[in-house]
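Presented below is the structure to which this report refers.
Numbering (my numbering), first residue to last: 166 to 753.
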């Protein structure tokens, strides 16, 4: 358990949220369970996980670690339950081995580190299986009630959890004598599912609005089978496959089969979901690597049983081999867009009071989370894809209204080919003043800043003979310990021969330097020796205000210099001075 906890908690926030996690965050945003549930009506998921995540966020906060930890907890309980199931079906050593296999399973670790509902669904399936096995031994009232509650919790977490029910019915028919108790089991299941009736109408509605099923469902092909085999069993997959076969056949010794029916439970748990997914595929596509990751549990149980089927010291050697191979390799991973880094870039170059637009495919929810985290709380963040859905053919109307009431904005574009909205922005007098390109799997994700350009005659200061400062934008009020973002708009009469640095700084009433940020324009992304004549360039600077800085008013100043030799470009607008006072900042 300690190993499982370490593997799931270590680097829990190493990667930023991705698209589906962004959906989880948005759905669980309201503090009211009723509002959370209402948000899910037009989605594809039942509400339990999102309601519990919402409640957890009220206590633990909204950062990545606490939200993802809500998935770690059921994941660890699942490892413990798989251990107990292995003990119940086979032996204590088989349970320990099964828990070990699941603890180091890359796919389970990966899903445990996401703000998603899969670990909770798997926990309900494991708990249902364990209580079911206890119920078969002795169907007490308490076990019956607990079993029913677990069925209800599972189906309200993920529809796929119902696949454990036919597994349990078939297993009961195979092993239970007298068989009349199978009808008792089916009655319990039926009565439990009655509690799902209120949501069943919503589930039907969800299927009707998405009759094709899950948009990113995998094709039913041998290639998919090969991909999922590596995803769930790792490499070399022959090791995992061999252990599953040995665990399924369950040799008692070299010549005699083990006649115990217990092995049928994990075998059915492995086979029935695969069979059902294939059968329903022509009707509704639900074949995804995450849905079928429920197979990790029976795989672990069978592999654990396979390990202990060997005699000592063979089983110890095999267990060590499985452990080392699992820890030394990563066979299941996702490469997602780094929305967190992009949002930080925008925050460092954000002109205060402007909207931020998102024109990205599938990642706007995760990107919105980080933009809200790093930008001022009143920033207007707009998903153009959502506007296309909401407004349809009238989409251009709200876009034009937005362009009319603003003078600048950032927009993220992730799509195919040139940005089609560029002409719309230009028609309203906007010009690109900054850009930054990020990549995801070789595909560009572009950030553009558009401005209604200031007149080149509006000059706050002339640095040297050519570099002109036209506009300054900042909050002019900041708390101690916070960051003050200062936006500057530059142009030049001729391309400078060298790359100059810009220094933005605070001076107290005695002229003492108290805070400073120096860099080439756009943090080195757009050096001055690449500027075209009369091209207006947006340049952002983020000043970290010291926590111990006395409250009061400070002068905000800017200068331009050659970082190679320290030579400062003199400001010629108001005589030859080294820096220009561009405002007064109140530090609170």
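Cβ atoms here follow ideal geometry from the backbone N, Cα and C, with glycine treated the same way.
Since the model is a prediction, treat every value here as computed from it, not as a measurement.
Helix, strand or coil at residue i [DSSP, three-state]
{"i": "residue 553", "result": "helix"}
{"i": "residue 752", "result": "strand"}
{"i": "residue 370", "result": "helix"}
{"i": "residue 643", "result": "strand"}
{"i": "residue 499", "result": "coil"}
{"i": "residue 596", "result": "strand"}
{"i": "residue 729", "result": "coil"}
{"i": "residue 683", "result": "strand"}
{"i": "residue 183", "result": "coil"}
{"i": "residue 198", "result": "helix"}
{"i": "residue 450", "result": "strand"}
{"i": "residue 523", "result": "strand"}
{"i": "residue 691", "result": "coil"}
{"i": "residue 665", "result": "coil"}
{"i": "residue 736", "result": "strand"}
{"i": "residue 636", "result": "strand"}
{"i": "residue 417", "result": "Since pLDDT at residue 417 reaches only 48, below the 50 mark, its modelled position is unreliable, and no value is offered."}
{"i": "residue 307", "result": "helix"}
Proximal residues to residue i (C-beta, below 7 Å), its chain only, five neighbours per side dropped
{"i": "residue 659", "result": "631 and 698"}
{"i": "residue 728", "result": "666"}
{"i": "residue 571", "result": "519 and 520"}
{"i": "residue 818", "result": "The first residue shown for the chain is 166 and the last is 753, placing residue 818 beyond what the model contains."}
{"i": "residue 359", "result": "none"}
{"i": "residue 549", "result": "522, 523 and 524"}
{"i": "residue 373", "result": "none"}
{"i": "residue 678", "result": "670 and 672"}
{"i": "residue 527", "result": "184"}
Of the listed residues the options, nearest to residue i (C-alpha basis)
{"i": "residue 616", "options": "361, 604, 602 and 576", "result": "576"}
{"i": "residue 695", "options": "647, 730 and 655", "result": "655"}
{"i": "residue 580", "options": "390, 608, 597 and 573", "result": "608"}
{"i": "residue 411", "options": "351, 383, 480 and 343", "result": "480"}
{"i": "residue 670", "options": "744, 700, 605 and 716", "result": "744"}
{"i": "residue 312", "options": "224, 701, 289 and 321", "result": "289"}
{"i": "residue 546", "options": "280, 529, 525 and 520", "result": "520"}
{"i": "residue 566", "options": "737, 590, 731 and 286", "result": "590"}
{"i": "residue 646", "options": "684, 693, 716 and 677", "result": "716"}
{"i": "residue 585", "options": "599, 604, 613 and 569", "result": "613"}
{"i": "residue 252", "options": "231, 285, 227 and 294", "result": "294"}
{"i": "residue 196", "options": "573, 532, 224 and 560", "result": "224"}
{"i": "residue 175", "options": "209, 237 and 218", "result": "237"}
{"i": "residue 668", "options": "706, 644 and 677", "result": "706"}
{"i": "residue 713", "options": "736, 644 and 515", "result": "644"}
{"i": "residue 322", "options": "604, 710, 263 and 212", "result": "212"}
{"i": "residue 265", "options": "170, 202, 314 and 568", "result": "170"}
{"i": "residue 674", "options": "269, 684 and 752", "result": "752"}
{"i": "residue 541", "options": "526, 512, 501 and 248", "result": "512"}
{"i": "residue 539", "options": "664, 510 and 385", "result": "510"}
{"i": "residue 536", "options": "269, 515 and 690", "result": "515"}
{"i": "residue 209", "options": "352, 342 and 375", "result": "375"}
{"i": "residue 726", "options": "710, 708, 719 and 682", "result": "682"}
{"i": "residue 544", "options": "310, 508 and 562", "result": "508"}
{"i": "residue 488", "options": "218, 664 and 468", "result": "468"}
{"i": "residue 320", "options": "349, 363 and 335", "result": "363"}
{"i": "residue 384", "options": "449, 414, 361 and 709", "result": "449"}
{"i": "residue 574", "options": "592, 583, 453 and 598", "result": "598"}
Residues near residue i by beta carbon distance below 8 Å, same chain, minus five either side
{"i": "residue 254", "result": "298, 427, 428, 430, 431, 466 and 470"}
{"i": "residue 639", "result": "517, 649, 650, 651, 652, 721, 748 and 750"}
{"i": "residue 246", "result": "288, 291, 292, 294 and 295"}
{"i": "residue 441", "result": "328 and 331"}
{"i": "residue 553", "result": "560"}
Nearest-angstrom beta carbon gap, residue j and residue i [assumed within contact, 8 Å]
{"i": "residue 182", "j": "residue 534", "result": "6 Å"}
{"i": "residue 178", "j": "residue 229", "result": "4 Å"}
{"i": "residue 173", "j": "residue 220", "result": "So it is not a contact: roughly 21 Å between Cβ atoms."}
{"i": "residue 625", "j": "residue 637", "result": "7 Å"}
{"i": "residue 273", "j": "residue 461", "result": "5 Å"}
Own chain, CB closer than 6 Å to residue i, minus 5 neighbours either side, in chain order
{"i": "residue 367", "result": "206"}
{"i": "residue 661", "result": "693 and 694"}
{"i": "residue 233", "result": "177, 278 and 280"}
{"i": "residue 191", "result": "530"}
{"i": "residue 419", "result": "Any reading at residue 419 is ruled out, since the residue's pLDDT is 45, under 50, leaving its predicted position unreliable."}
{"i": "residue 421", "result": "Unreliable positioning characterises residue 421 in this predicted model, as indicated by a pLDDT of 43, which lies under 50. The coordinate reading is nonetheless provided below. For residue 421, where only same-chain residues beyond five positions count, there are no Cβ hits under 6 Å."}
{"i": "residue 286", "result": "322, 323 and 326"}
{"i": "residue 463", "result": "431, 434 and 435"}
Exercise for the section: Report yes or no: do the region 465-481 and the region 255-275 share at least 3 C-beta pairs separated by less than 8 Å? Expected result: Judged by Cβ distances under 8 Å, the region 465-481 makes contact with the region 255-275, as three or more pairs qualify.
Exercise for the section: State whether the region 486-496 contacts the region 383-402, with contact taken as three or more CB pairs (one from each stretch) at a distance under 8 Å. Expected result: Contact holds: three or more Cβ-Cβ distances are below 8 Å.
Handout entry: Inter-stretch contact at 8 Å, needing at least 3 Cβ pairs: the region 384-396 / the region 302-309
Key = Under the 8 Å Cβ criterion, the region 384-396 does not count as touching the region 302-309, having fewer than three qualifying pairs.
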